[in-house]
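Worksheet for the structure shown next.
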Ligand code: URA
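In the working numbering, the protein residues as written are 38 to 297.
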């Protein structure tokens, strides 16, 4: 039996916290003025060569999905490879408009080879459902680091740095219309931003790589939300912002050539 969205939100205790309190369409109000383009700096900082045996096939920037999957699966660039069961590249629609990026695999993700399949993943699925999205359907889910940090500790800066080229290649292959960063580690990996997450919410950032310019927003990590229920209301605001930016992106991409 498939759950309706209402039932799904009730089931995992999100309702009524995520009920839209503004009138319909209010999420299309003015975007907060702040805007940033730290993505360019992050992209430049991370453009370092990789050198594991699996990359003998060629530079990361020329890899397709199969080469990328093989290279990440064999990666030994940091100590996380020692204890992983498997590297977890990502899951979903490789033509997706939506890209959600988390922190790194936990125990269940390490065992199953898919991101966000534990309790935080159930909440992420409910967050997706709240804006009429579904894992695998126009949605791709990845992590900042591809291997499980022992004991689910936070990945260290050097681990995020050496894993960044894989994530950058995923973004280049996907060419998503919007990136949603789940938590501080993803924010550091993609935007090179270390400010408090609360201060970065509600802003439109940009990820830039060559001709690719993708709007980015930041929200709370689902695992954090499981421990801090009141912040689900803020996460709902962030999802409304994401939905509005996506509508703008989709409308923009339908404009005839030459229209501004
Ligand atoms: N948390 C994450 O950030 N990623 C996962 O894949 C699972 C839990």
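The C-beta atom is built at its ideal place from N, Cα and C for all residues, glycine as well.
Predicted, not measured: the structure shown is a model, and the values here were computed from it.
* To do: In angstroms with no decimal places, state the Cα-to-Cα distance between residue 130 and residue 103.
  => 14 Å
* To do: Determine, using beta-carbon pairs with one atom in the segment 144–152 and one in the segment 222–240, whether at least three such pairs fall under 8 Å.
  => Because the criterion of three Cβ pairs below 8 Å is not met, the segment 144–152 and the segment 222–240 do not touch.
* Asked: So, residue 215 versus residue 283, is the Cβ gap smaller than 8 Å?
  -> yes
* Could you work out which residue in 147, 134, 205 is closest to residue 177 when comparing CA atoms only? => 134
* **Where residue 76 falls, given that 16 or more other Cβ within 10 Å makes a residue buried** => Here residue 76 scores only 41 on pLDDT, less than 50, and its place in the model should not be relied on; the value that follows carries that caveat. By the beta-carbon neighbour count (other beta carbons within 10 angstroms, threshold 16), residue 76 is buried.
* Asked: Skipping 5 residues on each side, what residues in its chain have a beta carbon closer than 7 Å to that of residue 238?
  -> Excluding residues within five positions, the ones whose Cβ falls inside 7 Å are 255, 256, 271, 275.
* Asked: Out of curiosity, what's the CA-to-CA distance linking residue 159 and residue 165?
  -> 10 Å
* When the Cα atoms are used, what is the spatial distance from residue 161 to residue 142? -> 14 Å
* To do: Keeping to the same chain, check which residues put their C-beta closer than 6 Å to that of residue 280; ignore five residues upstream and five downstream.
  => 168
* Exposed unless 16 or more other CB atoms sit within 10 angstroms - verdict on residue 140 -> buried
* To do: Compare the C-alpha of residue 146 against each of 136, 163, 124, 137 and name the closest.
  => 124
* **Secondary structure of residue 179, DSSP reduced to three states** => Strand.
* Asked: Can you list, in chain order, the residues of its chain whose CB lies under 8 Å from that of residue 98, leaving out five sequence neighbours each side?
  -> 206, 209
* Pull up the CB-CB distance for residue 226 and residue 201, whole angstroms please, since I reckon it's below 8 Å. => 6 Å
* Compute the distance between the beta-carbons of residue 203 and residue 105, then report whether it is under 8 Å. => One thing to note: residue 203 has its Cβ within 8 Å of the Cβ of residue 105.
* Which first and last residues belong to the beta strand (DSSP E) in which residue 249 is found? -> 249–256
* Is residue 220 closer than 8 Å to residue 234 when the C-beta atoms are compared? -> yes
* Proximity winner among 240, 273, 263, 251, relative to residue 155 (alpha-carbon distances) -> 263
* The alpha helix (DSSP H) spanning residue 109 covers which residue range? -> 102–110
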